[in-house]
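The block underneath contains the structure these notes are about, expressed in structure tokens.
Number of protein chains: 2
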Amino acid sequence: MARSGSTKPAGMPAFVGARHDHGQCVRTALGEAVRLCAERGARLTAIRRRVLELVWRSHEPVGAYDLLALLARDGRRAQPPVVYRALDFLRDQGLVHRLASINAYVGCALPSRPHVGQFLICRDCGNAAEIDDKRVTNALASSADRLGFAIGDVAIEASGVCARCAPGHGRP
Amino acid sequence: MARSGSTKPAGMPAFVGARHDHGQCVRTALGEAVRLCAERGARLTAIRRRVLELVWRSHEPVGAYDLLALLARDGRRAQPPVVYRALDFLRDQGLVHRLASINAYVGCALPSRPHVGQFLICRDCGNAAEIDDKRVTNALASSADRLGFAIGDVAIEASGVCARCAPGHGRP
DNA sequence: ACTGAAGCGTTATAACATAACAATTGCGAT
DNA sequence: ATCGCAATTGTTATGTTATAACGCTTCAGT
Chain S
1 MARSGSTKPA GMPAFVGARH DHGQCVRTAL GEAVRLCAER GARLTAIRRR VLELVWRSHE
61 PVGAYDLLAL LARDGRRAQP PVVYRALDFL RDQGLVHRLA SINAYVGCAL PSRPHVGQFL
121 ICRDCGNAAE IDDKRVTNAL ASSADRLGFA IGDVAIEASG VCARCAPGHG RP
Chain L
1001 MARSGSTKPA GMPAFVGARH DHGQCVRTAL GEAVRLCAER GARLTAIRRR VLELVWRSHE
1061 PVGAYDLLAL LARDGRRAQP PVVYRALDFL RDQGLVHRLA SINAYVGCAL PSRPHVGQFL
1121 ICRDCGNAAE IDDKRVTNAL ASSADRLGFA IGDVAIEASG VCARCAPGHG RP
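Respectively, the protein sequence lines represent chains S and L.
Position 3, counted from 1, in the first sequence is what the working numbering calls 3; the numbers after and before it change by one each time, with no gaps.
Just so we're on the same page, the working numbering is the position in the second sequence counted from 1, plus 1000.
Structure, rendered in structure tokens:
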């Protein structure tokens, strides 16, 4: 969260506050997505864009079938493959991450450069914060290296309780 | 693998060789399990023990439904909850880890003390190596700490290609 | 032996994901 | 402009993983 009370800086803060300007999060994310896709010649079609918007509805990771239900509210009667394909595209573009430990998807806070997502997932509020601690990835890479293991994809996910939800922290 | 060609030391090597004495792995793992459960007053019942044995059939993580099929070969006509309950127990006891990224289960190489499992999963041979690099967990803990996030469970899983399966490495 | 708790068997269903193929759309080359 | 190819989307069906719920059995302590 933005514990300092500051508004969102350029890099998404780890845990956003309850009253952060989420519209700004969404605008930034969508803007970046449009820009990056254009740059790459990737087609951010209507449904892909819509799924990305829906993923960004909040900082709480959302399940594929939840997205399906949300699309249904739009009047679309989409089937599972529609959502999974959109998610695949968005993941390929680095716009969305999948959290394997909870089978859910979350918008990427740092889509412009490739990185290994590290997530802190609050069991209470459900929010997920993406961090990018190079010490973690470097250490893992070095261990793998020593074993001659060539790393492809990495999933680093910690579940626990965020500061805002910690006992003793009066809910702000 | 046991790159040095040594036999299995006290701590399981990261990637075991093709010709390692797997019987020894199993005996050690089962022995430890019996000892730890006795120590804790936890009941390693027949089915739990059998599931643990089956998980230890190889170093390749195994799916719950695969275990079900293996149990069926024993003549048991077990239903999914039977396997999941056994796995839950074994996980509670730290005897088995779940790999969220591939929905599979693997025997714990270091069951006697609690630890955060870190896994390298080979896409080619399917084997999973458990490592325990404190730099990784310390770095993650420190990042979480700085955010006031209290870590509960952690999943760290890297998929890639192990040394034995690497191109250019004549299969031994 | 009695009893309460833990474990197990069983049925049913929930939740997550993909295969396969048809229909449509976008888009460059002619 | 329109042809033809490739990418995208629609749709049906099914596969895979996991859990809820409830009754019966077994075990340990008294």
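Note that CB positions come from ideal geometry on N, CA and C, so glycine has one too.
Shorter than 8 Å from the beta carbon of residue i to some beta carbon of chain S?
i, result
"L/Gly-1160", "yes"
"L/Arg-1019", "no"
"L/Asp-1124", "no"
"L/Ala-1155", "yes"
"L/Asp-1133", "yes"
"L/Ala-1177", "Residue numbering for chain L in the displayed model covers 1001 to 1172; residue 1177 of chain L lies beyond these limits and cannot be assessed."
"L/Gln-1024", "no"
"L/Val-1136", "yes"
"L/Ala-1072", "no"
"L/Leu-1109", "Checking the sequence, you will find Ala at residue 1109 of chain L rather than Leu. By this cut-off, L/Ala-1109 is not an interface position."
"L/Leu-1030", "no"
May I ask you to report which of helix, strand or coil DSSP gives residue i?
i, result
"S/Arg-146", "helix"
"S/His-115", "coil"
"L/Leu-1120", "strand"
"S/His-59", "coil"
"S/Asp-133", "coil"
"S/Gly-23", "helix"
"L/Arg-1076", "coil"
"L/Val-1051", "helix"
"S/Arg-85", "helix"
"L/Gly-1031", "helix"
"L/Leu-1099", "strand"
"L/Ala-1104", "strand"
"S/Ala-38", "helix"
"L/Ala-1014", "coil"
"S/Ala-174", "No information on residue 174 of chain S is available, as it lies outside the stretch 1 to 172 that chain S covers here."
"S/Ala-166", "coil"
Counting only beta-carbon separations shorter than 8 Å, does residue i have a partner in chain L?
i, result
"S/Arg-91", "no"
"S/Gly-148", "yes"
"S/Ala-144", "yes"
"S/Gly-63", "no"
"S/Ile-151", "yes"
"S/Ala-139", "yes"
Near residue i, which residues of its chain fall below 8 Å by C-beta distance, leaving aside the five closest residues on each side in sequence?
i, result
"S/Ala-100", "Ala-155, Glu-157"
"S/Pro-80", "Ala-64, Tyr-65, Leu-68"
"L/Trp-1056", "Cys-1025, Val-1026, Ala-1029, Leu-1030, Gly-1107"
Measuring only from the beta carbon, is residue i closer than 7 Å to any heavy atom that is part of the ligand FMN?
i, result
"L/Leu-1110", "The model on display carries no ligand, and the ligand FMN is accordingly not part of it."
Quick one: what's got a C-beta closer than 6 Å to residue i's C-beta in the same chain, skipping five residues either side?
i, result
"S/Leu-174", "Residue numbering for chain S in the displayed model covers 1 to 172; residue 174 of chain S lies beyond these limits and cannot be assessed."
"L/Arg-1040", "none"
Residues in its own chain within less than 7 Å of residue i by CB, not counting five upstream and five downstream?
i, result
"S/Arg-113", "none"
"S/Leu-44", "Ala-33, Val-34, Cys-37"
| field | Under 7 Å (Cβ pairs) to chain S, residues found in the region 1075-1107 of chain L | value | Of all residues in the region 1075-1107 of chain L, Ala-1100, Ser-1101 have a Cβ within less than 7 Å of some Cβ in chain S.
| Three or more C-beta pairs below 8 Å linking the region 1159-1167 of chain L and the region 1116-1136 of chain L | Touching, yes.
| field | Stretch-stretch touch, CB-based, cutoff 8 Å, three pairs: the region 88-107 of chain S with the region 46-66 of chain S | value | They touch, by the three-pair rule.
| Would you call the region 29-37 of chain S and the region 45-52 of chain S in contact, with 3 or more CB pairs under 8 Å? | Contact between the region 29-37 of chain S and the region 45-52 of chain S is present, because at least three Cβ pairs lie under 8 Å.
| the region 1132-1143 of chain L contacting the region 1087-1094 of chain L, beta-carbon criterion three pairs below 8 Å | Contact between the region 1132-1143 of chain L and the region 1087-1094 of chain L is absent: fewer than three C-beta pairs spanning the two stretches fall below 8 Å.
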